[in-house]
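Asker: The structure is given below, and queries will be raised subsequently.
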Amino acid sequence: MPKKYWLMKSEPNEFSFDDLKLEPDSRAHWDGVRNYQARNFMRNEMKKGDLVLFYHSNCDPPGVVGIAEVAKEAYPDHTAWDPKDKHFDPKTTKDNPVWFMVEVKWKKAFKRFVSLHELKETRELKDMKVVQRGQRLSVQPVTRKEFDKVCKMGSK
DNA sequence: GCCAACGTTGGC
DNA sequence: GCCAACGTTGGC
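For the first sequence, the numbering used here gives the first residue as 44, with consecutive numbering after it.
As structure tokens, then:
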């Protein structure tokens, strides 16, 4: 099974790429996803070793800051069962978890931040979901070509 | 802070 | 099963 490529969004004031680096072993579970499409990508398709463009959203400016790697495949997101958690979902139980998360590991910071603005101006990246108007999916697949192109932009 | 776009909910 | 109302996302 060939490696897949992803883009994952995080709000840097909630959890930034640097925060990930500072976690023990530079890895963390990606809790709080409450969107079925994003869940399906994580639960059904993300494999250990897949590479992730780490994207900072809802900040100025938004864009890709570096690369992470899937360190553990999907398992139930326990924060959905915690009434005190921001992402508590009373519909879910341990027998019927509904929401899942993966673990990601910090891999490499870009030499240079690649802004959303730049992504939008790059012809080869015009089909990326993140540049589409109104696209809100927080976990999205990217093609290998797109992944490589963004990395290239971030490495010089 | 605004608001367009989107996903979800719930009445019918 | 439709769709209006609502809440959220996230760029600007």
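All C-beta atoms, glycine included, are put in the ideal place defined by N, C-alpha and C.
Which of helix, strand or coil does DSSP assign to SER69?
Answerer: helix
Asker: Terminal residues of the continuous beta strand (DSSP E) containing ARG155?
Answerer: 143-158
Asker: Check whether the Cβ atoms of LEU162 and LYS172 lie closer than 8 Å to each other.
Answerer: Not a contact, by the Cβ cut-off of 8 Å.
Asker: Which residue comes first and which comes last in the beta strand (DSSP E) that contains PHE97?
Answerer: 94-99
Asker: Would the region 142-153 and the region 184-191 be scored as touching if the rule is three or more Cβ pairs under 8 Å?
Answerer: no
Asker: Among TRP149, LEU96 and PRO133, which has the Cα closest to the Cα of LYS64?
Answerer: TRP149
Asker: Just to confirm, are PHE84 and VAL182 a CB contact at a threshold of 8 Å?
Answerer: Note that the C-beta distance between PHE84 and VAL182 is below 8 Å.
Asker: In three-state terms, what does DSSP make of GLN178?
Answerer: coil
Asker: List the DSSP bridge partners of MET171.
Answerer: Paired residue(s): none; MET171 is not in a bridge.
Asker: Sort out for me which residues DSSP pairs GLN183 with in a bridge.
Answerer: LEU50
Asker: Quick one: Cα of LYS134 to Cα of PRO140, how far?
Answerer: 9 Å
Asker: Classify GLY197 as helix, strand or coil using the three-state DSSP reduction.
Answerer: helix
Asker: Determine the DSSP secondary structure at LYS90, reduced to helix, strand or coil.
Answerer: coil
Asker: Using the three-state DSSP reduction, which class does GLU112 fall into: helix, strand or coil?
Answerer: strand
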